[in-house]
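In what follows, a structure is listed as structure tokens, so that the remarks can point back to it.
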Amino acid sequence: MKSTVVRTLYLISGILCVLLGLVGVVLPLLPTTPFLLVAAFCFSRSSERLHQALLNNQLFGQLIRDWETDGIIPLKAKILATSMMLLMVSYPLFFKTFHLGLKAMVVVTILCAMTYIWSRPSTPVLK
Numbered sequence: 122m123k124s125t126v127v128r129t130l131y132l133i134s135g136i137l138c139v140l141l142g143l144v145g146v147v148l149p150l151l152p153t154t155p156f157l158l159v160a161a162f163c164f165s166r167s168s169e170r171l172h173q174a175l176l177n178n179q180l181f182g183q184l185i186r187d188w189e190t191d192g193i194i195p196l197k198a199k200i201l202a203t204s205m206m207l208l209m210v211s212y213p214l215f216f217k218t219f220h221l222g223l224k225a226m227v228v229v230t231i232l233c234a235m236t237y238i239w240s241r242p243s244t245p246v247l248k
């Protein structure tokens, strides 16, 4: 019983993440890749068919496979992610009047995300 409930929750979470990822394709404020990576994780625990569908996707499949096998974020994806983050935070930071503490939180969050992204390998590590 518990196993079925957990699998169902993973399945629902995976579907929601795919939907958010699809919205992120057309809405620049919402990132696509993290949602698809979480969806792949959820589907790997709930639906092998949906997991394989993500892995075989023409646009995102290779990115997901690279992440799952070696924790790789390709250089092109790192540059795109960094550019999008900087673009998305530049307007509120420089052109809007927000409390300095809020601006500092945004900067720290973005720096943490960028540090994580750039700390991942871009190519497979030889073993």
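In the working numbering, the protein residues as written are 122 to 248. C-beta atoms are modelled at their ideal positions from N, C-alpha and C, and glycine is treated no differently.
- Excluding sequence positions up to five before and after Ile193, its CB lies within less than 8 Å of the CB of Asp187, Arg241, Pro242, Ser243, Thr244, Pro245, all in the same chain and listed in chain order.
- The region 161-170 makes contact with the region 125-132: 3 or more CB pairs, one atom from each, lie closer than 8 Å.
- Between the beta-carbon of Gly135 and that of Thr153 there is about 15 Å, and that puts the pair past the 8 Å contact cut.
- Residue environment for Ile185: buried (at least 16 other C-beta atoms within 10 angstroms of its C-beta).
- In the displayed model, Thr153 falls within coil according to three-state DSSP, outside both helix and strand.
- Of the residues assessed, His220 falls on the exposed side of the cut-off, its CB having fewer than 16 other CB atoms within 10 angstroms.
- Annotation: Gln183 to Thr230 spans about 27 Å, alpha carbon to alpha carbon.
- In this model, Gln179 and Ser211 are separated by some 32 Å (Cα to Cα).
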